[in-house]
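If you count the sequence shown from 1, position 40 lands on 146 in my numbering, and the numbers rise without skipping. Think of the CB as a built atom: it goes at the ideal place given N, C-alpha and C, for glycine as much as any other residue. Computed from a predicted model, the values in this text were never measured in an experiment. Let me begin by presenting the structure, written as structure tokens, before commenting on it.
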Amino acid sequence: MEALTTEQRRARIQELEAELARLRAEEAADPAAAEQYLETVWNELRLACVMSKDAFRQLVTVCRTLKQTSSVRAAQHFCDYAKVPMAQAIPIINRL
Numbered sequence: 107m108e109a110l111t112t113e114q115r116r117a118r119i120q121e122l123e124a125e126l127a128r129l130r131a132e133e134a135a136d137p138a139a140a141e142q143y144l145e146t147v148w149n150e151l152r153l154a155c156v157m158s159k160d161a162f163r164q165l166v167t168v169c170r171t172l173k174q175t176s177s178v179r180a181a182q183h184f185c186d187y188a189k190v191p192m193a194q195a196i197p198i199i200n201r202l
């Protein structure tokens with residue numbers, strides 16, 4: 107897999123943000139969509155290489171708790187444990 111250029115990364119981020127907006131609208135209409143969102147994030151970020159789905163769910167629970175006091179702290183915690191860049195963690199944390 108070849109490295110993405112800056113423009114390709116920006117385009118991909120925009121695609122993911124559009125997908126996030128669509129999923130948020132679905133969740134508002136269907137509570138089961140929250141589980142679908144977590145599944146999508148887990149697959150999209152290829153977190154199976156880093157953690158199990160159960161560990162990911164525990165991470166999400168901890169991040170939700172941290173977000174109540176500090177979104178930045180929650181995003182940093184997500185970055186540290188999921189091994190993803192902050193740019194990917196922020197939209198996920200905002201979604202929780």
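| Check | Outcome |
| --- | --- |
| What is the DSSP secondary structure of residue 122, reduced to helix, strand or coil? | helix |
| Between the segment 185-198 and the segment 113-129, do at least 3 Cβ pairs fall closer than 8 Å? | yes |
| Any chance the segment 144-163 sits against the segment 171-186, with 3 or more Cβ pairs inside 8 Å? | no |
| At what residues does the alpha helix (DSSP H) containing residue 176 begin and finish? | Element bounds for residue 176: n/a, residue is neither H nor E. |
| Within the present structure, is the beta-carbon of residue 112 separated from the nearest heavy atom of the ligand MN by less than 7 Å? | For the ligand MN, the structure offers nothing, since it holds no ligand at all. |
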